[in-house]
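A.B. asks: Residue 1 is where the sequence shown starts when you use our numbering, and the numbers rise one by one after that.
Here it is, the structure in full.
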Amino acid sequence: MRPKSWVSHLRPHKIPFRRRFARASVALIVRTTESGGKELLFIQRARREGDPWSGDMAFPGGRLQPEDRSARAAAERETLEETGIELNRHGRYLARLSDLITRHHSRWRPMVVTPYVFEWQGPKAVLLNHEVERVVWVPLDYLAACENQSQLPWPTPIGTLNMPCCRYQGACIWGLSYSMLQELLATGINTRSEIPQ
């Protein structure tokens with residue numbers, strides 16, 4: 001009997017009444033290397049004055065627009081706009097992860113973010129737009145290793161918080177992206193020899 005894939009064990013949390021909030025979605029894109037290892041795609045946001053997340057590492061994605069059929073379609077559209085990666089052509093949808101709640105960039109209005117996991121089977125070339133400084137493929141084994149976990153001091157009105165993070169080649173993965181990453185790693189995807197069919 002074929003063992004169940006990690007996808008079958010997922011129980012993503014959906015925020016109630018999420019359709020009443022501003023919404024966004026992102027794509028977690030996994031690829032298998034020639035040596036059989038797995039890598040996860042991150043973008044580094046372009047540095048822009050006044051943007052609190054300027055220069056941060058993130059997953060491609062963005063806000064839902066009226067023309068988007070679904071949150072997943074929005075993640076696919078935003079990924080294409082930001083990186084040139086056509087998930088509906090060369091990607092394979094694998095799973096949905098748990099909703100997370102954050103705030104809108106320009107105001108304190110809450111926003112629900114939904115992550116979707118894809119396998120990338122297309123060309124390596126990317127075409128970045130003005131919002132993205134670079135694309136980085138990070139080995140999942142590196143992201144999962146305890147010795148690569150760190151803390152990021154984050155000043156707040158009540159004092160400095162030490163936020164969990166993972167540092168890679170001078171970049172820092174933290175915040176919502178780190179939370180999504182931890183849920184993905186908890187599935188055991190990095191220990192599987194094959195991505196489920």
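We put the beta carbon where it would ideally sit given N, CA and C, even for glycine.
(1) Based on the DSSP secondary-structure assignment, which residues constitute the bridge partners of Thr156?
(2) Use the C-beta contact count for Leu161: other C-beta atoms within 10 angstroms, 16 or more gives buried, fewer gives exposed.
(3) Give the secondary structure of Arg89 by DSSP, where H, G and I count as helix, E and B as strand, and everything else as coil.
(4) Using 8 Å for Cβ pairs, my map puts Val138 next to Leu128. What's the rounded Cβ distance?
(5) Inspect the beta-carbon positions of Pro110 and Ala24 and report whether they are closer than 9 Å.
(6) Relative to the alpha-carbon of Gly84, which residue among Val132, Thr33, Arg63 and Ser150 has its alpha-carbon at the smallest distance?
(7) Terminal residues of the continuous alpha helix (DSSP H) containing Arg77?
(8) How would you write the range of the alpha helix (DSSP H) that Ser179 sits in, first residue to last?
(9) Do Met180 and Pro123 come within 9 Å of each other at the CB atom, strictly closer than that value?
(10) Could you round the C-beta distance between Gly61 and Val30 to whole angstroms and report it? I think they count as a contact, below 8 Å.
(11) Of the choices Gln182, Glu82 and Arg45, whose alpha-carbon is the least far from that of Ala125?
(12) Helix, strand or coil for Leu127 per DSSP?
(13) Can the beta-carbon of Leu94 be found less than 9 Å from the beta-carbon of Glu119?
(14) Indicate whether Arg45 and Ala58 have their beta-carbon atoms separated by less than 9 Å.
(15) The beta strand (DSSP E) with Ala144 in it runs from where to where?
(16) Would Cys146 be called buried (16 or more neighbouring beta carbons within 10 Å of its own) or exposed?
(17) Pick from Val113, Gln121 and Arg69: whose alpha carbon is nearest that of Arg92?
(18) For Pro3, name the three-state secondary structure that DSSP assigns.
(19) Looking at Lys38 and Ser198, is the spacing between their C-beta atoms short of 9 Å?
(20) Straight-line CA distance for Pro16 to Leu100?
C.D. replies: Reading it off the structure:
(1) Answer is Gly159.
(2) exposed
(3) helix
(4) With 8 Å as the limit, Val138 and Leu128 do not qualify as a contact, their Cβ atoms being about 17 Å apart.
(5) Not in contact: Pro110 and Ala24 (Cβ atoms no closer than 9 Å).
(6) Val132
(7) Note, Arg77: alpha helix (DSSP H), Ala71 to Thr83.
(8) Gly175 to Ala186
(9) If you check the CB distance, Pro123 and Met180 do not come in under 9 Å.
(10) The pair is not a contact, with the Cβ atoms about 15 Å apart (cut-off 8 Å).
(11) Glu82
(12) Three-state result, Leu127: coil.
(13) Yes; because the gap between Cβ atoms is below 9 Å, this pair is in contact.
(14) yes
(15) Not the beta strand (DSSP E): Ala144 falls in the alpha helix (DSSP H), residues Leu140 to Ala144.
(16) exposed
(17) Gln121
(18) With a pLDDT of only 42 at Pro3, under the threshold of 50, the placement of this residue in the model should not be trusted; the figure read from the coordinates follows. The answer is coil: DSSP assigns Pro3 none of H, G, I, E or B.
(19) Given that the chain is displayed from residue 1 to residue 197, the structure contains no residue 198 and the question cannot be resolved.
(20) 11 Å
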